[in-house]
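Letter by letter, the sequence shown follows residues 21 to 218 of our numbering.
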Amino acid sequence: MIYLQLLIIFFKIGLFSFGGGYGMIPLIEREIVTRGWLTGQEFVNIISISEMTPGPIAINTATFIGYRIGGIPGAMLATVGVVLPSLILILGIYIFLSKYQQRQIIKDTIYGIRPIVLALIIHAVILVAVNTYFKEGTGIRDLLNISTGSDFLEIINPVTIAITVVSLIVLFLTKIHPILVILAAGAIGVILHFIGVL
């Protein structure tokens, strides 16, 4: 039963996602975390791993989540589920646009879709930022209810903010390859975990 659910859920995510893999992140989070299959922190960890590994983030995320929930069959079905709608839609759109591409209504439709794509990407950034820079269990609603600076300082994670700032400085001011920065940040995270800081 879980295998069929994975296939259907990721097919639905693939069908209703616009804006690429980052646009899928809020939909995946809503489907997976609200069902209790993963915690918010586990989800963010999978997003981080999916970002670091080669390939599209949506496929990597579906594969990792499918594996985490249903082993190898789950990984395969989640991956097929997330890819299949795009394949079907792209073939259909190609046939349609090759005939009607110059019509104004088509141009207006594409123009109207752009803002929601940006909104989905911003939502994904906020979701990852909240789970990265604030203590575990903090949600966006918690941030909206902060009344004093001391409340804010109680839930913030200064270590992850410091890692981000140093990483940005290194990326902007040096020619060090981003993969090396990712590996260094991961190594720092492991060290900080073992000494009890994280």
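Think of the CB as a built atom: it goes at the ideal place given N, C-alpha and C, for glycine as much as any other residue.
In this structure, the beta-carbon distance from I160 to V150 falls below 7 Å.
In the assembly as shown, P178 is an exposed residue. Its beta-carbon has fewer than 16 other beta-carbons within 10 Å. Nearest in C-alpha terms to V53, of all of Y42, G43, I29, is I29. The three-state reading of DSSP puts I85 in helix, counting H, G and I together. Pairing T73 with T59, the inter-Cα distance amounts to about 21 Å.
Contact check for V102 and G157: beta-carbon distance about 28 Å, past the 8 Å limit, so the pair fails to qualify. Per the C-alpha coordinates, the member of A205, L163, D171 positioned closest to I181 is A205. Counting only residues of its own chain and dropping the five nearest sequence neighbours on each side, E71 has a CB closer than 7 Å to the CB of I77. Note on geometry: alpha-carbon atoms of V210 and F63 lie some 18 Å from one another.
Scanning its chain for C-beta atoms nearer than 8 Å, with the 5 sequence neighbours on each side dropped, one finds around S106 the residues G34, in chain order. Here I176 carries a strand assignment [DSSP, helix/strand/coil]. A Cβ-Cβ contact shorter than 7 Å links G94 with L26. Shortest Cα-Cα distance from I48 to any of H143, Y120, K127 involves H143.
Under DSSP, the beta-bridge partners assigned to F154 are I176.
Straight across, the Cα-Cα distance linking I110 with F116 is about 10 Å. Between T99 and G86, the beta carbon gap of about 6 Å places them in contact (Cβ cut-off 8 Å). If you look at N65, you'll find it in the alpha helix (DSSP H) that goes 60-72.
Assignment of S37 by DSSP, reduced to helix, strand and coil, places it in the coil class. Using a 10 angstroms sphere on the CB of Y42, the tally of other CB atoms reaches 16 or more, which defines it as buried. Assigned with DSSP and collapsed to three states, K195 falls in coil, not helix or strand. Taking C-beta separations shorter than 6 Å and ignoring five residues to either side along the sequence, the partners of F172 in its chain run I166, following chain order.
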